[in-house]
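Chemist: Have a look at this one.
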Amino acid sequence: MFLADKVVLITGASKGIGRAVAERVADDGAKVVVNYLSDSKSAEEMVERIGSDNALAVQADVSKVADIERLVAAAVEKFGKIDVVMPNAGYMGMKDLAHSTEADYDRHFDLNVKGAAFLVQKAVAHMPTSGGGRVIFVSSGLTTSTNVSPAYVMYAASKGAVDQLTRVLAKDLARRNITVNAVAPGPTATELFFDGKCEQLVSAIKAASPFNRLGEPAEIASVVAFLAGPESAWVSGQVIRVNGANMV
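Under our numbering, the first residue of the sequence shown is numbered 0, with each subsequent residue one higher.
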């Protein structure tokens, strides 16, 4: 139980990678703040699984700073602190630049970048002054790929910004003994991944993997659990690619 008494706040935790991380860190002893946008049923099921003394579900649109402030306040009111924050909620649209609108740009950057940055800003204020806090961003394998589909232009650009947040904040927050890292999943079997993709495209993506499959959310969660724990204390400023050699 290497995360015993640690408080982990995860956005977008009612499904996909966020849900897998919530389950994993709870199994490792953490108290978990389960943020969700609209799927209250799944979020409450997660709280029931973990136990209401050790989990809290909070609705918030983390593309809005006011909602982020409310989310962090609810976490601190319940548990008194935040040890680990994971800005996991994200949006992935599929339009090339020629067909993208200002609204498409705003949706990607408001959630994937602004939401992540301000969540960290608000959360680190409540991390223990003795240090040991953890920030774990979610990037994407697309940020280093040399074969990105034009349809992912806004998504890839927003995740590139997340990579730089990781590097810059690692320098900034080291003075408080807070580590900052990111996981960069490759194609992973989540609702976000499957949304808008036909079966033929999914099969082609699987076939392009050296392992001939998609990653599983639990496989991403295992790396996040390591980054959240004490054995990762000397790992900071890193974007860790978790993709089964899909992108190297």
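Every residue, glycine too, gets a C-beta built ideally from N, C-alpha and C.
Under 8 Å, with one C-beta from each stretch per pair, do the region 171 to 189 and the region 230 to 244 reach the 3-pair mark?
Modeler: Touching, yes.
Chemist: Would residue 41 pass as a contact of residue 13 if the rule is Cβ separation under 8 Å?
Modeler: Yes, Cβ-Cβ distance for residue 41 and residue 13 is below 8 Å.
Chemist: Cutting at 7 Å between CB atoms, please list the residues of its own chain near residue 104, excluding the five before and the five after it.
Modeler: Closer than 7 Å at the Cβ level, and outside the excluded window around residue 104, lie 153.
Chemist: Report yes if the C-beta distance between residue 92 and residue 169 is below 8 Å; otherwise report no.
Modeler: No, the pair does not count as a contact, with Cβ atoms beyond the cut-off.
Chemist: Please check the pair residue 89 and residue 57, which I expect to be a contact at CB under 8 Å, by giving their CB distance rounded to whole angstroms.
Modeler: The Cβ separation is near 18 Å, so there is no contact.
Chemist: Under a three-way DSSP split, which group does residue 214 fall into?
Modeler: DSSP places residue 214 in strand when its eight states are reduced to three.
Chemist: Do you know how far the Cα of residue 197 is from the Cα of residue 124?
Modeler: Approximately 43 Å, taken between the alpha carbons.
Chemist: Apart from the five residues on each side of it in sequence, which residues of its chain come closer than 8 Å, Cβ to Cβ, to residue 189?
Modeler: Only 14, 15, 16, 216 meet the Cβ criterion.
Chemist: Is the separation between the beta-carbon of residue 112 and that of residue 179 shorter than 8 Å?
Modeler: No; because the gap between Cβ atoms is not below 8 Å, this pair is not in contact.
Chemist: How many angstroms separate the CA atom of residue 194 from the CA atom of residue 55?
Modeler: When rounded, the distance between both Cα atoms is 28 Å.
Chemist: Checking the sheet assignment: what are the DSSP bridge partners for residue 187?
Modeler: Paired residue(s): 214.
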